[in-house]
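Below is one structure, written out as structure tokens, with a few remarks after it.
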Amino acid sequence: MDPQTIKEKIAQIQSKREYLLSLLEQPNLGTLRIDVNQALEEMDELIDEYKRTFPETDI
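If you count the sequence shown from 1, position 2 lands on 2 in the working numbering, and the numbers rise without skipping.
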């Protein structure tokens, strides 16, 4: 996979992250809150790893 494709995928992931954050604001989320938090943590780790691997690129 070339760096441009990876950059595009990371941008897609970041846009989905915003949706997950909005889900956390829902009062009726129940036990799914745990899964949403886990997904956010994993996304953050992936984005951080991307930034460490490609420090010169801006997403």
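Think of the CB as a built atom: it goes at the ideal place given N, C-alpha and C, for glycine as much as any other residue.
Fair warning: this is a prediction, and the values are worked out from it, not measured in the lab.
Residue i to residue j span [Cα, whole Å]
i          : j          : result
residue 33 : residue 24 : 7 angstroms
residue 20 : residue 37 : 8 angstroms
residue 42 : residue 9  : 15 angstroms
residue 49 : residue 27 : 32 angstroms
residue 35 : residue 2  : 31 angstroms
residue 52 : residue 4  : 16 angstroms
residue 40 : residue 11 : 15 angstroms
Contact set for residue i: own chain, Cβ-Cβ below 7 angstroms, skip 5 residues either direction
i          : result
residue 46 : 13
Cβ neighbours of residue i in the same chain (closer than 8 angstroms, five flanking residues each side left out)
i          : result
residue 16 : 43
residue 6  : 50, 54
residue 30 : none
Proximity test, residue i beta-carbon vs the ligand GTP heavy atom, cut-off 7 angstroms
i          : result
residue 20 : Of the ligands one can find in the structure shown there are none, so the ligand GTP has no counterpart to examine.
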